[in-house]
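First the structure, in the form of structure tokens, and then the observations on it.
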Amino acid sequence: MSEPILSVSGLTAHYGDFQALFGVDVALEQGEVVAIIGANGAGKTTLMRAITGIARVSAGRVRLDGRDITGTPAPDILMAGIAMVPEGRRLFPSLSVEENLLIGAHARRIQGHWNLESVYRLFPVLRERRDHPGTALSGGQQQMVAIGRALMSNPRVLLCDELSLGLAPVVIREIYAAFPEIRASGASIVVIEQDVSQALKVADYVHCMMEGRITLSGRPAELSRDAIHDAYFGATH
Amino acid sequence: MFSLDTIVQGLLLGGLYALFAAGLSLVFGIMRLVNLAHGDLIVLGAYLILGLGTVTGMNPFVAALIAMPLMFGLGWLLQTRLLNRVLGEDILPPLLVTFGLSVVIQNGLLAAFTADSRKLAAGPVESASVAIGPVHMGVMPVLTLATAVAVILGLNLLFYRTALGRAFRATSDDAVTAQLMGIRPQRIFAMATGIALVVAAIAALYLGTRANFDPSIGPARLLYAFEAVIIGGLGSLWGTLAGGVVIGLAQTMGAAVNPEWQILAGHVAFVLILMVRPRGLFPRAID
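Read top to bottom, the protein sequences are chains A and B.
Read the first sequence against UniProt numbering and you will find it ends at 237, with the numbers running on by one and no gaps.
Read the second sequence against UniProt numbering and you will find it ends at 287, with the numbers running on by one and no gaps.
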């Protein structure tokens, strides 16, 4: 098997005194979508923050294309090609929609599929609202800005944290409809989801997390509803 | 009650205060840092211009052009070596450090230049004046206000029209998310303090040509600058210009009634405006 583009091995991280991750292993193959599901507090977001260099790693390794990037500062991780759509979208309130997109390419400016024009083609509603403050948009449109902003750096790996949080089902479908083009652009994707059925639909491979550990892994077709239920909530019926 | 002349002189004086305040406003707007040494850094700039002029015989305007990049370098070093280390959730450490810096600069200047009053000699332009209708204006005060407007305009263009300005605003909004965009906040802060000290060098030029200065006058300049920033509304550069003009007008009007009231009138205007508009004249929508 070829080298995974992103591999996380034995990752341990703390959130203050609280241990949030206990030796997590995740691998992302080139061109794949991996979903990480789990309840609130399972450690999914801490895992994302550890990969992007925002949270400190206590032990374990993060490798991008075989290169060890553990403990690298966040700006360098972006430069290496990992972009994140953070939980809660975190648009910059002083910036317009277009400026929020442009800031995504502020540091990592490489020629690729993604630029203002192609992001506007992916999410046409953003073109109409380009001069509005980013935070004046609806939740779904803000999520589109956050995705577009991450794509502007033409990332090799795109991390999406809770895209569906607080959005109506029709809006969630609209946002996930962008995934085929994102995959076609060459980006490999990790999505964090609480919405299990959405995760199973979009992913090639699914990991379920509970209390800082991976409790179940497999391809969506191989995982039964009961197994997922047990891994998600614990097998203590 | 007040002659047109008084009002015009007040406006022009406001230009000087706006220059004092612009750097302070910029730094506060980007990193929420109140630099208590800002006034002393302006005085340091005046001595730098004086020293360059003394050594080379240059006119202060030319010396100021050379002082500007030097002050940028000083600002960069100050931020990366000192202030970045104390910036954080707690606002007290940076306040204490800049307070200490203020004392260090004053005493350093005292040791190097003594307590004697100095002045930058700009030549005949100092006494030149222009008459517009019934009002006679000194060329230097007019130049001061024009420079202040140009500096504020320039900073606004930088802030709202350039990629660097975008990074300034993004970092000010949310430094953690800015890092996810590949932005290095500490470098952004160093750039901001560098630019603030370039503006301080410009302020120093007009401070030193307008009146005498000595190593101890920094804190009073800081006070005027601080009042201008607060009156204008924190983080608003045009507001800072307006704030400077308010202080300048109040001081000139106060002095017209009774020369002893000049300084007091500026402070009273500050308090009155805060009573009516606690967030200043042009507060930013988001803080």
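Glycine included, every Cβ here is placed at the ideal spot set by N, Cα and C.
Residue j beta carbon less than 8 angstroms from that of residue i
i      : j      : result
A228/B : Y17/B  : yes
Y47/B  : T144/B : no
L47/A  : V24/A  : yes
L36/B  : T98/B  : yes
G182/B : P75/A  : yes
L155/B : A22/B  : yes
W238/B : I132/B : no
P93/A  : G134/A : yes
L102/A : R32/B  : no
I193/A : S224/A : Ile is not the amino acid found at residue 193/A; the sequence shown has Glu there. It is not a contact, given that the beta carbons lie outside the stated cut-off.
F2/B   : M253/B : yes
A83/A  : S153/A : yes
A109/B : P259/B : The identity of residue 109/B in the sequence shown is Leu, whereas the question assumes Ala. Their beta carbons are not under 8 angstroms apart, which means L109/B does not touch P259/B by this criterion.
F20/B  : Y160/B : no
M140/B : V125/B : yes
A200/B : I42/B  : yes
Residue i at chain B interface by Cβ criterion, 8 angstroms
i      : result
M144/A : no
M84/A  : yes
M48/A  : no
R90/A  : yes
Y232/A : no
H237/A : Here the model assigns H237/A a pLDDT of 49, short of 50, so the residue's position is not dependable and the matter cannot be decided.
Neighbouring residues, chain A, relative to residue i (Cβ below 8 angstroms)
i      : result
S172/B : S94
L166/B : The sequence as given places Arg at residue 166/B; Leu does not occur at that position. Simply L95, E99, L102, I103, H106.
Amino acids of chain B, ordered along the chain, whose beta-carbon sits closer than 9 angstroms to that of residue i
i      : result
R108/A : M181, G182
Residue-chain proximity (residue i, chain A), Cβ-Cβ < 8 angstroms
i      : result
R169/B : yes
A163/B : yes
Y47/B  : no
D287/B : Residue placement at D287/B is poorly supported in this model, since its pLDDT is 45, which falls under 50; the coordinates are not used for a value here.
R279/B : no
L11/B  : no
Contact list for residue i against chain B, beta-carbon separation under 7 angstroms
i     : result
A74/A : Q179, L180
L78/A : L180, M181, G182
Closer than 8 angstroms at the beta carbon, the chain B residues around residue i
i      : result
R129/A : In chain order: nothing, as chain B lies at least about 18 angstroms away.
Distance cut-off 7 angstroms: residue i Cβ against heavy atoms of the ligand FAD
i     : result
L44/B : The ligand FAD is absent from the structure shown, which contains no ligands of any kind.
### Message
Give me the subset of the stretch 174 to 190 of chain B whose CB atoms are less than 7 angstroms from a CB atom of chain A, sorted by chain position.
### Response
D174, V176, T177, Q179, L180, M181, G182, I183, R184
### Task
Could you name the residues of the stretch 52 to 68 of chain A whose beta carbon sits closer than 7 angstroms to any beta carbon of chain B, in the order they occur along the chain?
T52, I54
### Query
Within the chosen definition, does the stretch 184 to 202 of chain B reach the stretch 4 to 17 of chain B through at least 3 CB pairs nearer than 8 angstroms?
no
### Query
What are the residues of the stretch 201 to 223 of chain A that lie near chain B, defined by any Cβ-Cβ distance shorter than 9 angstroms?
none
#### Entry: Inter-stretch contact at 8 angstroms, needing at least 3 Cβ pairs: the stretch 111 to 121 of chain A / the stretch 176 to 190 of chain A
yes
#### Entry: At least three beta-carbon pairs within less than 8 angstroms, the stretch 81 to 101 of chain A to the stretch 136 to 156 of chain A
Using a C-beta cut-off of 8 angstroms, the stretch 81 to 101 of chain A makes contact with the stretch 136 to 156 of chain A, since at least three inter-stretch Cβ pairs fall below that distance.
### Query
Are at least three pairs of beta-carbons, each pair with one atom in the stretch 10 to 20 of chain A and one in the stretch 56 to 70 of chain A, less than 8 angstroms apart?
yes
### Query
Just checking, does the stretch 159 to 173 of chain A make contact with the stretch 117 to 129 of chain A on the three C-beta pairs under 8 angstroms criterion?
no
### Query
With contact counted as at least three CB pairs below 8 angstroms, one residue from each stretch, are the stretch 230 to 247 of chain B and the stretch 218 to 233 of chain A in contact?
Contact between the stretch 230 to 247 of chain B and the stretch 218 to 233 of chain A is absent, because fewer than three Cβ pairs lie under 8 angstroms.
### Message
Is it the case that the stretch 193 to 203 of chain A contacts the stretch 163 to 181 of chain A, given that we only count it when at least three CB pairs across the two stretches are under 8 angstroms?
### Response
They touch, by the three-pair rule.
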